[in-house]
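Residues in the sequence shown are numbered from 1 upward in steps of one, following the numbering used here.
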Amino acid sequence: MSRTLVLNRSFRAVAVADWRRAVTLVYAGLAEALDAELVGYDFSAWVAASSSWVRAPGGFVRSTRLRFAVPEVIRLTRYDRVPRRDVAFTRHNVFARDRHRCAYCGRRQPPDALDLDHVVPRSRGGPHDWTNVVASCRPCNLRKADRLPDEADMPLKARPEKPRWSLLGSLIPHPQMDIPDSWRRLLVAEA
Ligand SMILES: [Zn+2]
1 MSRTLVLNRS FRAVAVADWR RAVTLVYAGL AEALDAELVG YDFSAWVAAS SSWVRAPGGF
61 VRSTRLRFAV PEVIRLTRYD RVPRRDVAFT RHNVFARDRH RCAYCGRRQP PDALDLDHVV
121 PRSRGGPHDW TNVVASCRPC NLRKADRLPD EADMPLKARP EKPRWSLLGS LIPHPQMDIP
181 DSWRRLLVAE A
């Protein structure tokens, strides 16, 4: 089912939570549910306000006695701490950072048609880390071989960097996931 964007007290996006977790936080009084205008509701007010809605983008929670909308956005009422996490340096995450495009020719490829390429070849001391590893299609990878981009006349489309942890980072396993409109403006504010 749906997921909920979690803001801290200062309305900064800090996490994406499973809807059950989000509802639990509101129920426990640790967060308030926000409507489309970012007006906050405690649990009973949210149930009262949303029970009469005909549609809710995140769907409804139903029980024998209650029916209320899954909040798309909640705001923590007690915590301001922004959780910091490193994005794991993995093949999957390098491809996600590079948006599944070859760093040399720019063509988008499915993951099984991409390789990891060391910009400065390992044989020449290039490190195996975010700043030296890029996604590359097979033909470009073969053509570049053990050369520097300059030597191969294959300039990089972008300089590889270590991604900062971000909400979008937390969505890396789902690059195709639809981001609800109600999240978009909040995510823009994070960039
Ligand atoms: Zn390529």
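The beta carbon of each residue, even a glycine, is placed where N, CA and C say it ideally should be. Note that this is a predicted model, so its numbers are computed, not measured.
Asked	Found
Note down, in chain order, each residue of its chain lying with its Cβ closer than 8 Å to the Cβ of L116, except the 5 sequence neighbours on either side.	R91, V94, V133, V134, A135 and S136
Consider the C-beta atom of R78 and the heavy atoms of ligand 1; say whether any pair is separated by less than 8 Å.	no
Here's the rule: buried if 16 or more other CB atoms are within 10 angstroms of the residue's CB, otherwise exposed. What is A96?	buried
A145 and A152 - do their beta-carbons sit closer together than 9 Å?	yes
Consider the C-beta atom of P139 and the heavy atoms of ligand 1; say whether any pair is separated by less than 8 Å.	yes
Give the C-beta separation of E72 and G59 to the nearest angstrom, bearing in mind that I take them to be a contact with Cβ-Cβ under 8 Å.	About 10 Å separates the two Cβ atoms, so there is no contact after all.
State the CB to CB distance for the pair L114 and L7, rounded to an integer number of angstroms; the pair is presumed to be in contact (CB under 8 Å).	The Cβ separation is near 35 Å, so there is no contact.
With a floor of 3 residues, list each beta strand (DSSP E) that falls wholly inside the stretch 37–109, ordered by position along the chain.	60–62, 67–69 and 73–76
Roughly how many angstroms lie between the CA atoms of E161 and G106, to the nearest whole one?	17 Å
State yes or no: is the beta carbon of G40 nearer than 9 Å to at least one beta carbon in chain C?	Structure shown: chain C not included; a single protein chain is present.
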